[in-house]
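Undergrad:
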Amino acid sequence: MAEQTRSTGRTAARATRLAHQGRDVRIYGGKTVNPPVSRASTILFDDLASLRAGATGHSKPDFVQYGRFGTETHIALRRAWSDLEGSDDTLLLPCGLAANVLALLAFVESGDHLLMIDNVYAPTRGVCDGLLRPLGVETTYFDPQIGAAIEELIRPNSKLIYLETPGSHSFDLCDVPAYVEVARRHGLKTALDNTWATPLFYRPLEQGIDVSIQAGTKYLGGHSDVMLGLVAANGETVQQLRSKSDLLGYSVAADDAYLALRGFRTLEVRLRRHEASALQVARWLRERPEVERVLHPALPDHPRHDLFARDFDGASGLFGLVLKPGFPAAAIEAMVDGFTYFGLGYSWGGYESLIVPSPIEKMRTATGWEAVDRTLRIHIGLEDPSDLIDDLASGFKRLSATAQAAE
Ligand SMILES: *Cc1c(COP(=O)(O)O)cnc(C)c1O
Numbered sequence: 256m257a258e259q260t261r262s263t264g265r266t267a268a269r270a271t272r273l274a275h276q277g278r279d280v281r282i283y284g285g286k287t288v289n290p291p292v293s294r295a296s297t298i299l300f301d302d303l304a305s306l307r308a309g310a311t312g313h314s315k316p317d318f319v320q321y322g323r324f325g326t327e328t329h330i331a332l333r334r335a336w337s338d339l340e341g342s343d344d345t346l347l348l349p350c351g352l353a354a355n356v357l358a359l360l361a362f363v364e365s366g367d368h369l370l371m372i373d374n375v376y377a378p379t380r381g382v383c384d385g386l387l388r389p390l391g392v393e394t395t396y397f398d399p400q401i402g403a404a405i406e407e408l409i410r411p412n413s414k415l416i417y418l419e420t421p422g423s424h425s426f427d428l429c430d431v432p433a434y435v436e437v438a439r440r441h442g443l444k445t446a447l448d449n450t451w452a453t454p455l456f457y458r459p460l461e462q463g464i465d466v467s468i469q470a471g472t473k474y475l476g477g478h479s480d481v482m483l484g485l486v487a488a489n490g491e492t493v494q495q496l497r498s499k500s501d502l503l504g505y506s507v508a509a510d511d512a513y514l515a516l517r518g519f520r521t522l523e524v525r526l527r528r529h530e531a532s533a534l535q536v537a538r539w540l541r542e543r544p545e546v547e548r549v550l551h552p553a554l555p556d557h558p559r560h561d562l563f564a565r566d567f568d569g570a571s572g573l574f575g576l577v578l579k580p581g582f583p584a585a586a587i588e589a590m591v592d593g594f595t596y597f598g599l600g601y602s603w604g605g606y607e608s609l610i611v612p613s614p615i616e617k618m619r620t621a622t623g624w625e626a627v628d629r630t631l632r633i634h635i636g637l638e639d640p641s642d643l644i645d646d647l648a649s650g651f652k653r654l655s656a657t658a659q660a661a662e
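Right under this line is the structure:
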């Protein structure tokens with residue numbers, strides 16, 4: 256699907272492609288800049304032969320037989336996203352977690368085994384333990400730093416290695432090519448949740464990953480008003496994903512596909528701003544006496560900054576913060592409760608800044624997390640970073656004042 260660009264002979268710069276991909280879906284012969292929001296359940300055909308031509312469902316990438324498989328609005332988004340990923344096609348799912356579920360269910364059956372990175376998004380872990388285990392699929396969680404030694408965990412019934420880098424709470428990075436090399440040698444599929452970086456800053460398929468997963472709810476939507484998942488892949492992996500997706504009955508509203516495509520056009524300018532502001536705030540935080548560590552892959556003191564420098568074109572606006580030990584829970588609560596600009600809520604990737612406690616110790620089993628009850632996760636939005644720094648500074652005042660009062 257990305258071929259329109261390639262056939263021009265010269266590949267346009269990524270920012271140019273963000274502005275132009277997915278705009279050649281014409282049904283009215285018209286010239287609107289954006290595709291229409293085309294809502295449909297029934298799609299009418301001129302004759303029986305045309306209707307029968309679609310009997311294979313949406314196995315033909317641009318053929319839509321029934322509204323569940325999308326309309327031209329969805330096709331436009333799929334083309335645009337596939338161009339960014341460098342994939343043959345993209346499947347759209349109703350949310351990021353649905354995309355995670357699809358990437359798992361497409362490759363394992365009862366009696367199979369999968370290898371799951373220990374820093375995985377907690378609800379994805381929930382799918383392994385709560386849905387796959389009762390269906391007879393066993394999961395082994397592994398240390399993100401295990402690398403090529405994952406070979407020792409592979410069993411005759413292993414089918415999939417599933418990665419997420421960086422982890423969206425701990426910001427662990429993993430050596431993707433090391434896992435891909437082992438997986439290929441043993442005939443295992445690989446999937447990677449790439450929500451933090453988006454394919455603008457990291458492209459898993461280029462490193463040999465079979466399935467690139469994105470919670471479009473985050474940066475693609477970008478305005479905290481849409482739930483969406485995307486799964487990009489090449490060749491027969493697309494068919495495997497598509498047939499499972501059809502069986503699962505997933506469907507995405509045209510309005511949500513439209514909002515995501517609108518977000519796509521501004522993804523680069525937003526992400527570059529998130530990146531710059533987040534780095535400014537992270538560097539400021541690192542100097543604060545209350546802070547033990549800042550967990551940010553783009554900072555040179557990140558334990559695997561080497562991987563960030565090798566694999567990524569940029570950083571997004573989400574990072575972690577470990578407070579020094581000893582602050583009472585009430586002091587951390589006073590800090591988090593009193594912010595002016597930092598909202599307290601789940602998800603991230605919108606234009607607004609957020610903060611939440613990160614109970615990482617409760618999200619891991621293969622590895623531990625020693626900074627219990629003092630890790631926070633921060634999303635830096637599109638506000639002026641100096642206002643965000645002022646807001647955090649007042650938070651540290653509340654932290655210290657409440658801690659002193661408790662002594
Ligand atoms: C948010 C998130 C998801 C799930 O996305 P939803 O749209 O909320 O279902 C999956 N993976 C990661 C890394 C996420 O941050």
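Going by the numbering used here, the first residue of the sequence shown is number 256, and it counts up by one from there. Cβ atoms here follow ideal geometry from the backbone N, Cα and C, with glycine treated the same way.
Residue range of the alpha helix (DSSP H) that Ala-488 falls in?
TA: Unbroken run through Ala-488 is the beta strand (DSSP E), 484-488; no alpha helix (DSSP H).
Undergrad: Taking only heavy atoms of ligand 1 into account, decide whether any of them is closer than 6 Å to the Cβ of Thr-450.
TA: It does: the Cβ of Thr-450 is within 6 Å (strictly closer) of some heavy atom of ligand 1.
Undergrad: Would you call the segment 497-504 and the segment 448-460 touching, i.e. three or more CB-CB distances under 8 Å?
TA: Short answer: they don't touch.
Undergrad: Rounded to whole angstroms, what is the Cα-Cα separation between Arg-440 and Ile-409?
TA: Each residue's Cα considered, the two are about 11 Å apart.
Undergrad: Is the CB-CB distance between Thr-345 and Ser-293 below 7 Å?
TA: Cβ atoms of Thr-345 and Ser-293: not closer than 7 Å.
Undergrad: When DSSP builds the beta bridges, which residues end up paired with Pro-612?
TA: According to DSSP, which records beta bridges pairwise, Pro-612 is partnered with Leu-631.
Undergrad: Taking only the alpha-carbon atoms, compute the straight-line gap between Ala-433 and Gly-402 and give it to the nearest angstrom.
TA: Each residue's Cα considered, the two are about 6 Å apart.
Undergrad: Taking only three categories from DSSP, how would you classify Phe-668?
TA: Residue coverage of the chain in this structure runs from 256 to 662, which leaves residue 668 outside it and unanswerable.
Undergrad: Measuring CB to CB, does Val-481 end up less than 7 Å from Asp-501?
TA: Taking 7 Å as the Cβ cut-off, Val-481 and Asp-501 do not qualify as a contacting pair.
Undergrad: Cutting at 7 Å between CB atoms, please list the residues of its own chain near Gly-490, excluding the five before and the five after it.
TA: Closer than 7 Å at the Cβ level, and outside the excluded window around Gly-490, lie Asp-343.
Undergrad: Would a C-beta distance cut-off of 7 Å place Leu-447 and Glu-340 closer than the cut-off?
TA: Contact: no.
Undergrad: Could you tell me the alpha carbon to alpha carbon distance between Leu-443 and Leu-299, rounded to whole angstroms?
TA: When rounded, the distance between both Cα atoms is 41 Å.
Undergrad: On the CB-based measure, 16 or more other CB atoms within 10 Å of its CB, does Thr-379 come out buried or exposed?
TA: Buried, since its Cβ has 16 or more Cβ neighbours within 10 Å.
Undergrad: If I follow the unbroken beta strand (DSSP E) through His-673, where does it start and stop?
TA: Look at the range of the chain in this structure, 256 to 662, and you will see that residue 673 is not part of it.
Undergrad: Decide if Pro-640 is buried, meaning its Cβ has at least 16 other Cβ atoms within 10 Å, or exposed.
TA: The residue in question, Pro-640, is buried, as its Cβ has 16 or more Cβ neighbours within 10 Å.
Undergrad: Ser-467 bridges to which residues according to DSSP?
TA: Bridge partners of Ser-467: Leu-447, Ala-487.
Undergrad: Taking Leu-578 and Phe-519 to be in contact with their CB atoms under 8 Å, please state how far apart those CB atoms are, rounded to whole angstroms.
TA: 37 Å between Cβ atoms; not a contact.
Undergrad: Three or more C-beta pairs closer than 8 Å, one from the segment 351-370 and one from the segment 461-470: is that the case here?
TA: The segment 351-370 vs the segment 461-470: in contact.
Undergrad: Quick check on Arg-388: does DSSP put it in helix, strand or coil?
TA: Coil, per DSSP.
Undergrad: When every heavy atom of ligand 1 is checked, does at least one fall within less than 6 Å of the C-beta of Thr-297?
TA: Checking the Cβ of Thr-297 against ligand 1 gives no.
Undergrad: Since Leu-415 and Leu-369 are thought to touch, with beta carbons under 8 Å apart, how far apart are those beta carbons, to the nearest angstrom?
TA: Rounded, the Cβ-Cβ distance is 4 Å, consistent with contact.
Undergrad: Does any heavy atom of ligand 1 sit closer than 6 Å to the C-beta of Cys-350?
TA: Under cutoff, so the answer is yes.
Undergrad: Within the present structure, is the beta-carbon of Met-482 separated from the nearest heavy atom of ligand 1 by less than 6 Å?
TA: It does: the Cβ of Met-482 is within 6 Å (strictly closer) of some heavy atom of ligand 1.
Undergrad: My guess is that Thr-445 and Leu-418 are in contact by the Cβ rule of under 8 Å, so how many angstroms apart are they, rounded?
TA: Sure, about 7 Å apart at Cβ, within 8 Å.
Undergrad: Taking the continuous beta strand (DSSP E) assigned at Asp-344, which residues delimit it?
TA: That run of the beta strand (DSSP E) goes 344-348.
Undergrad: Only counting the same chain, and skipping five residues up and downstream in sequence, which positions put a Cβ closer than 7 Å to that of Val-382?
TA: Closer than 7 Å at the Cβ level, and outside the excluded window around Val-382, lie Asn-355, Val-356, Leu-359.
Undergrad: For Leu-647, name the three-state secondary structure that DSSP assigns.
TA: Leu-647 falls in the helix class under three-state DSSP.
Undergrad: Should Glu-407 go down as buried or exposed, given a rule of 16 or more other Cβ atoms within 10 Å for buried?
TA: Result: exposed.
Undergrad: Alpha helix (DSSP H) containing Ile-330: first to last residue?
TA: Segment 327-340, the alpha helix (DSSP H) holding Ile-330.
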